[in-house]
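Enquirer: Below is the structure I would like to discuss, written out as structure tokens.
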Amino acid sequence: MAVARHRLAGVVLAAGLMAGWIAEGVAAQPLPAVQEFYFDQDAAAAPVVVVRGEGADLIEQLMKQRERGRKSLDATVQLAGVAIAQGRPELGRSLYEEALGSAPATTVTGRTVRWNYGWDLFRLGEVDAALTQWGNAQASVRGNASWVPATYALALWTLGRKDEAVRWYAAAVRTEPQQWSGSSAYATLLPTWRDSERATLAEVQQAWAAQP
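Okay, here's the thing in structure tokens:
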């Protein structure tokens, strides 16, 4: 445990020396126009899990992966998420900025970093910043990624931009009406979402159903 704390302290020190913008200070970019359908799967839209575990052991294993190099970027992204979940958002942001700097948005890996960063920012309550990262992840996708409508609908509803949220949700329904016309399949469709996030999306669904 002492070793893990020592190594994580090293990450904190290195992160403190890094230059880069802080996500909470960045205004969300304009969203693209809603398209008719969103059928395309996006391999980049997935949580990064290099090591399973918890506590000091998880941190130590992730630090080892960072040092070895082969999975350094993925380990950095997972470590960033762990830091944020443990109440150390500044460290998490710094680690994400490190990952962003080595993973261009035009690559699958770069989109994965931005997609994950978006979720961690959203769960910090920084919804505009989350939309910026998701927008960057979406911009380089060839086609219309299937994760986009529900994710944008969730974020926009949370921001109080309810009419926009309903328009994005309607795109999900047009694409897969049997899946999105109701909310009963959310646990299957959105397995990585929190219960509170699925509940919020259900509010969007109800608003859509009132004026489909």
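The numbers in the sequence shown follow my numbering, run straight up by one, and end at 1035. Note that CB positions come from ideal geometry on N, CA and C, so glycine has one too. These figures come from a predicted structure and were not determined experimentally.
Could you have a look at aspartate 863 and say whether DSSP puts it in helix, strand or coil?
Expert: If you number the sequence shown from 1, residue 863 lands on position 40. Note: aspartate 863 maps to strand in three-state DSSP.
Enquirer: Can you list the alpha helix (DSSP H) stretches of 4 or more residues lying completely in the region 863-887, in chain order?
Expert: Runs of the alpha helix (DSSP H) inside the region 863-887: none found.
Enquirer: With contact counted as at least three CB pairs below 8 angstroms, one residue from each stretch, are the region 989-1001 and the region 955-965 in contact?
Expert: These segments do not touch.
Enquirer: Where does the unbroken alpha helix (DSSP H) through leucine 914 begin, and where does it stop?
Expert: Translated into the one-based positions of the sequence shown, residue 914 becomes position 91. Its alpha helix (DSSP H) spans residues 912-925.
Enquirer: According to DSSP, is alanine 1030 helix, strand or coil?
Expert: Walking along the sequence shown from the start, residue 1030 turns up at place 207. Three-state DSSP puts alanine 1030 in a helix.
Enquirer: Check whether the Cβ atoms of alanine 922 and alanine 953 sit closer than 8 angstroms, and answer yes or no.
Expert: Stepping through the sequence shown from its first residue, residue 922 is reached at position 99. Stepping through the sequence shown from its first residue, residue 953 is reached at position 130. Against a cut-off of 8 angstroms, the Cβ pair of alanine 953 and alanine 922 comes out as no contact.
Enquirer: Please state the DSSP three-state secondary structure of alanine 1025.
Expert: Within the sequence shown, the letter at position 202 stands for residue 1025. Helix at alanine 1025.
Enquirer: Since lysine 894 and valine 872 should fall inside the 8 angstroms C-beta cutoff, what is the C-beta to C-beta distance between them, to a whole number of angstroms?
Expert: In the sequence shown, counting from the first residue as 1, residue 894 sits at position 71. In the sequence shown, counting from the first residue as 1, residue 872 sits at position 49. The pair is not a contact, with the Cβ atoms about 11 angstroms apart (cut-off 8 angstroms).
Enquirer: At the level of alpha carbons, what is the spacing between leucine 944 and glutamine 1001?
Expert: Walking along the sequence shown from the start, residue 944 turns up at place 121. Walking along the sequence shown from the start, residue 1001 turns up at place 178. Cα-Cα distance, rounded: 31 angstroms.
Enquirer: Taking its Cβ as the centre, do 16 or more other Cβ atoms sit within 10 Å of valine 931, making it buried, or is it exposed?
Expert: As a working mapping, residue 931 is identified with position 108 in the sequence shown. When all chains shown are included, valine 931 counts as exposed.
Enquirer: Counting only the same chain and skipping the five closest in sequence on each side, list residues whose C-beta sits under 6 angstroms from that of arginine 1017.
Expert: For the purposes of this step, residue 1017 is taken as the residue at position 194 of the sequence shown. Result list for arginine 1017: empty, nothing under 6 angstroms.
Enquirer: Quick one: what's got a C-beta closer than 7 angstroms to threonine 1023's C-beta in the same chain, skipping five residues either side?
Expert: To locate residue 1023, count along the sequence shown from 1; it is residue 200. Answer for threonine 1023: Leu977, Trp980 and Thr981, listed in chain order.
Enquirer: In whole angstroms, what is the alpha-carbon distance linking glutamine 858 and alanine 960?
Expert: Numbered from its first residue, the sequence shown carries residue 858 at position 35. Numbered from its first residue, the sequence shown carries residue 960 at position 137. So the alpha carbons of these two residues sit roughly 16 angstroms apart.
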